[in-house]
Amino acid sequence: MTTIRCGAMLMTAAMLALAGCTESDGGSASCAGLVTYDSRGYLPTAKSVFEVGERLGTATIEECDDTPDDSGDGIPESRTGAYRIKGVDPAEGIAVGDSPADAAPMAVHR
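Just so you know, the sequence shown maps onto residues 107 to 216 in the numbering used here.
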């Protein structure tokens, strides 16, 4: 198991939320950063200290083009590793990344 602190987590979280998972002008939240695993949706969380456990499987980083008038193509769908967060039920939160050292915490999206 690997204990992750801010450094590596921030890089992965930034990659997952390139377009941000924020509300702008009081509107609805962006789709960027949405990850699915085991039929549940997860969004990045601000948890900064957590311990990555065993690999659970593969998570899907959902395609996102929440700015259709922008000339960019948005974020294409991709796959990454899903990992248990020690002490957290995967139905509530997981860590995602290409390796345990790069995994960022995600909380279930309700």
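The C-beta atom is built at its ideal place from N, Cα and C for all residues, glycine as well.
Here Gly193 is exposed: its Cβ has fewer than 16 other Cβ atoms, across all protein chains shown, within 10 Å. For Pro206, the secondary structure class from DSSP, reduced to helix, strand or coil, is helix.
For Ile181, the closest alpha carbon among the candidates Tyr189, Ile200, Asp171, Asp175 is that of Asp171. Listed as beta-bridge partners of Ser184 by DSSP are Ile167.
A residue is called buried when at least 16 other Cβ atoms come within 10 angstroms of its Cβ; Gly139 meets this threshold and is buried.
Excluding sequence positions up to five before and after Asp204, its CB lies within less than 7 angstroms of the CB of Thr186, Gly187, all in the same chain and listed in chain order.
The C-beta distance from Glu168 to Thr142 rounds to 6 angstroms, short enough to meet the 8 angstroms contact threshold.
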